[in-house]
Ligand SMILES: Nc1nc2c(c(=O)[nH]1)N[C@H]1C(S)=C(S)[C@@H](COP(=O)(O)OP(=O)(O)OC[C@H]3O[C@@H](n4cnc5c(=O)[nH]c(N)nc54)[C@H](O)[C@@H]3O)O[C@H]1N2
Ligand SMILES: Nc1nc2c(c(=O)[nH]1)N[C@H]1C(S)=C(S)[C@@H](COP(=O)(O)OP(=O)(O)OC[C@H]3O[C@@H](n4cnc5c(=O)[nH]c(N)nc54)[C@H](O)[C@@H]3O)O[C@H]1N2
Ligand SMILES: [Mo]
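Numbering (my numbering), first residue to last: 206 to 864.
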């Protein structure tokens, strides 16, 4: 038996380091790497599931072509010929933009993220801008701080007050929990702001049940008290904050009573929170991505950022407003990034608006679609429209390990290799700051070609002369050259030691901000340029109608990353609802019901759950179509900034099955 270190490539905060045991050419075990500073010896069920997925009987092993509605196994040669012929045909007849590329973060490795480079060398095609994920908050932090750097979890031991604002690490960032425990043991007060009484909320010292989409009201109410009580840090504001006077005037203009009512939090609780945050210091705020999936999500994050600015909690140990850990990936610049210059014909659409874009009469219309590391047929909003859009596209190629809902709709499906079957560099920018090398454990199934080689072959066949025709290791070395130079490391070192940027534990400690003014910009020049409100403003949160009276949250299951681990769940999705809401909607004491929105309807099983607030129900996102996909209920509305899907502004009605 031998072991290698692999890295979990899932779209997750923790990006765990996994000790992978191999016996007789087969992977026989995975466990958390004890010496890794983030993983510390334990991984979750989803990390362990990589092994089940590796040898899963349903795993795709051969290219499949749909002929007369039936799948036929074909050779790679035929698959590549088919793709090349189709590309040439569509480009010849309609131009480059008739081809669309759709990808996501279903696998977070460098070696499999090369299709952008391929399509750039092709001259540019149609692809997306914006995200389904975290764009509103990202944009907010860029307006305010010029960047989106986060404090290291170890720094929490320096905090006296920790506010987890719409973040649920007990279920989706499990390695953060021990740092919260350490902070608690050190005397810190842990406060969770979340409409749902989550596992994290139950662990915290205080749970503040804000109304959905109303975090801006709460943050402004806190600011109102901090300013009125003069708990601000005047010196800090004077030297490092731009636009304070305008922001102050806006905040003081608001009626505290109204802010409290709107947020659903009592004035006394807000006062206590304002005092804890500005007096029981240092204070840290850690924001999650759930709270920005609203039409006012970006402004709500800006309102929270401002609390850090006015109290001087930025750039200090134990402080900060942490949203992401975008540090190392910024410095990776190689052939992939440089290929942008070839994409002269590139056209983009807003990702959440995929269906609308495809169905509109744009010229040229989309004839060919390429999907990789993504499952848009379950994960995009307004799936009924997405289905129509898929149907409209003549030829669709999907690369995946399994016959997902997206793959089923394709014309050609290519199998993907597993994390255990390739060398790769893995990183995510949510929490884990390291770039980690993942070592190949076993060979892929006989004949299978990984994504890197597939696109290299396609580039060769299409005679893309500037495309880097090099083996994957040389490609990695080229990608990492500038980063290694910056860090004074060799390429070999980048494989043997995990790399991270130096001095990132306390971001902005030099108090230099990458904003146009070099200060924190409560009034942002970039926001003004983008035509959005100059500072965080209160945008009314959406509410339901008589028919669609309940808000639907489609937050995460602890047992699956997005749709990936719902594959084998064959039963109906579960809706969680509290007793009072169930009673008021005549669905108490029944096992199943129908949930309906203006976009579609879904049959679900019903579970009473007092963790949910009145008027809000939950169905986890990720259920496949064989169960019932929750995104038949969501619409493709966008957030106020950052071009992001506002999934949680979805309103539904529930009714008994027989009605
Ligand atoms: N187990 C698991 N982990 C995951 C994923 C998964 O599918 N499963 N997906 C990964 C991905 S792609 C992402 S983007 C991240 C997302 O990770 P999170 O940001 O943690 O995402 P969510 O589960 O959407 O929401 C987090 C919390 O926000 C709360 N929330 C919802 N609305 C509001 C609001 O209006 N105000 C406040 N204050 N809180 C609110 C929810 O109740 C929830 O507890 O997780 C990653 N990790
Ligand atoms: N209703 C609702 N919908 C949501 C959300 C929500 O909160 N509510 N959250 C949104 C968010 S934050 C996100 S990030 C998106 C996620 O959207 P997606 O990234 O599209 O979702 P996944 O289900 O993770 O799909 C990734 C796919 O990649 C495949 N895959 C795994 N490894 C490989 C590989 O090595 N190569 C290739 N080619 N494929 C591989 C997996 O099998 C899987 O089918 O979903 C969004 N959708
Ligand atoms: Mo995400």
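Think of the CB as a built atom: it goes at the ideal place given N, C-alpha and C, for glycine as much as any other residue.
Leaving out five residues on either side along the sequence, give the residues of the same chain with a beta carbon under 8 Å from the beta carbon of residue i.
| i | result |
| --- | --- |
| residue 289 | 663, 666, 667 |
| residue 442 | 449, 514, 515, 517 |
| residue 717 | 723 |
| residue 657 | 316, 317, 319, 627, 677, 680 |
| residue 268 | 278, 279, 280, 281, 283, 284, 617, 618, 619, 620 |
| residue 462 | 472 |
| residue 394 | 365, 366, 367, 410, 411, 481, 485 |
How many whole angstroms separate the CB atoms of residue i and residue j, which I take to be in contact at a CB cut-off of 8 Å?
| i | j | result |
| --- | --- | --- |
| residue 232 | residue 259 | 6 Å |
| residue 843 | residue 557 | 6 Å |
| residue 235 | residue 256 | 5 Å |
| residue 431 | residue 388 | Not really, about 22 Å apart at Cβ, beyond 8 Å. |
| residue 311 | residue 438 | Not a contact, Cβ separation roughly 43 Å. |
| residue 335 | residue 555 | 5 Å |
| residue 292 | residue 371 | Residue 292 to residue 371, Cβ: 43 Å. No contact. |
| residue 775 | residue 584 | So it is not a contact: roughly 19 Å between Cβ atoms. |
| residue 444 | residue 764 | Contact doesn't hold; Cβ gap of about 48 Å is too wide. |
Roughly how many angstroms separate the alpha carbons of residue i and residue j, rounded to a whole number?
| i | j | result |
| --- | --- | --- |
| residue 486 | residue 849 | 33 Å |
| residue 699 | residue 631 | 12 Å |
| residue 754 | residue 607 | 37 Å |
| residue 221 | residue 586 | 29 Å |
| residue 489 | residue 609 | 40 Å |
| residue 762 | residue 824 | 9 Å |
| residue 815 | residue 783 | 5 Å |
| residue 279 | residue 605 | 16 Å |
| residue 810 | residue 859 | 11 Å |
| residue 545 | residue 800 | 44 Å |
| residue 855 | residue 752 | 13 Å |
| residue 213 | residue 863 | 45 Å |
| residue 270 | residue 614 | 11 Å |
| residue 228 | residue 206 | 5 Å |
| residue 786 | residue 339 | 30 Å |
| residue 362 | residue 649 | 44 Å |
| residue 383 | residue 466 | 35 Å |
| residue 675 | residue 238 | 32 Å |
| residue 411 | residue 397 | 6 Å |
| residue 551 | residue 332 | 7 Å |
| residue 636 | residue 709 | 12 Å |
| residue 522 | residue 686 | 32 Å |
| residue 683 | residue 701 | 17 Å |
| residue 358 | residue 381 | 7 Å |
Is there a Cβ from chain C that is less than 8 Å from the Cβ of residue i?
| i | result |
| --- | --- |
| residue 733 | Protein chains in the displayed structure number just one, and chain C is not present. |
Identify, in the order they occur along the chain, each residue of the same chain with its Cβ nearer than 7 Å to the Cβ of residue i, setting aside the five sequence neighbours on each side.
| i | result |
| --- | --- |
| residue 295 | 303, 304, 572, 573 |
| residue 211 | 223, 225, 624, 625, 643, 644, 646 |
| residue 692 | 704 |
| residue 689 | 695, 696, 699 |
| residue 562 | 554 |
In chain order, what residues of the same chain lie with their CB nearer than 6 Å to the CB of residue i, ignoring the 5 residues before and after it?
| i | result |
| --- | --- |
| residue 184 | It is not possible to answer for residue 184, since the shown part of the chain is limited to 206 through 864. |
| residue 588 | 834, 836, 837 |
| residue 580 | 609, 611, 768 |
| residue 592 | none |
| residue 749 | 856 |
| residue 353 | 343, 346, 528, 529, 531 |
| residue 536 | 688, 691 |
| residue 672 | 326, 664 |
| residue 826 | 759, 835 |
| residue 491 | 369, 372, 527 |
Under 7 Å from any heavy atom of ligand 4, does the C-beta of residue i make it?
| i | result |
| --- | --- |
| residue 668 | You won't find ligand 4 in this model; what it holds is ligand 1, ligand 2 and ligand 3. |
*What are the uninterrupted segments assigned as beta strand (DSSP E) that are 3 or more residues long and contained completely in the segment 310–334, given in chain order?*
Runs found: 331–334.
*asked:* Quick check for students: name the residue ranges of the beta strand (DSSP E) that lie wholly in the segment 405–448, counting only runs of 3 or more.
replied: 411–413
*Evaluate the contact criterion for the segment 833–841 versus the segment 535–546: three or more CB pairs, one atom per stretch, below 8 Å.*
no
*Ignoring anything shorter than 4 residues or poking outside the segment 685–737, list the alpha helix (DSSP H) runs there in chain order.*
Taken in chain order, the complete alpha helix (DSSP H) segments of 4 or more residues contained in the segment 685–737 are 696–701, 730–735.
_Quick check on the DSSP output: what are the complete alpha helix (DSSP H) runs of length 4 or more inside the segment 498–554, in order along the chain?_
502–515, 540–543
*Does the segment 559–567 touch the segment 345–355, meaning 3 or more C-beta pairs lie closer than 8 Å?*
Counting C-beta pairs closer than 8 Å gives fewer than three between the segment 345–355 and the segment 559–567, which falls short of the contact rule.
*Which runs of the beta strand (DSSP E) spanning at least 3 residues fall entirely within the segment 258–316, listed in chain order?*
269–272, 275–278, 304–308
*Identify every run of the beta strand (DSSP E) within the segment 744–792, keeping only runs that are complete inside it and at least 3 residues long; order them along the chain.*
755–758, 779–782
*Pick out the complete beta strand (DSSP E) segments inside the segment 815–846, 3 residues or longer, and give them in chain order.*
821–823
*With a floor of 3 residues, list each beta strand (DSSP E) that falls wholly inside the segment 357–412, ordered by position along the chain.*
366–370, 394–398
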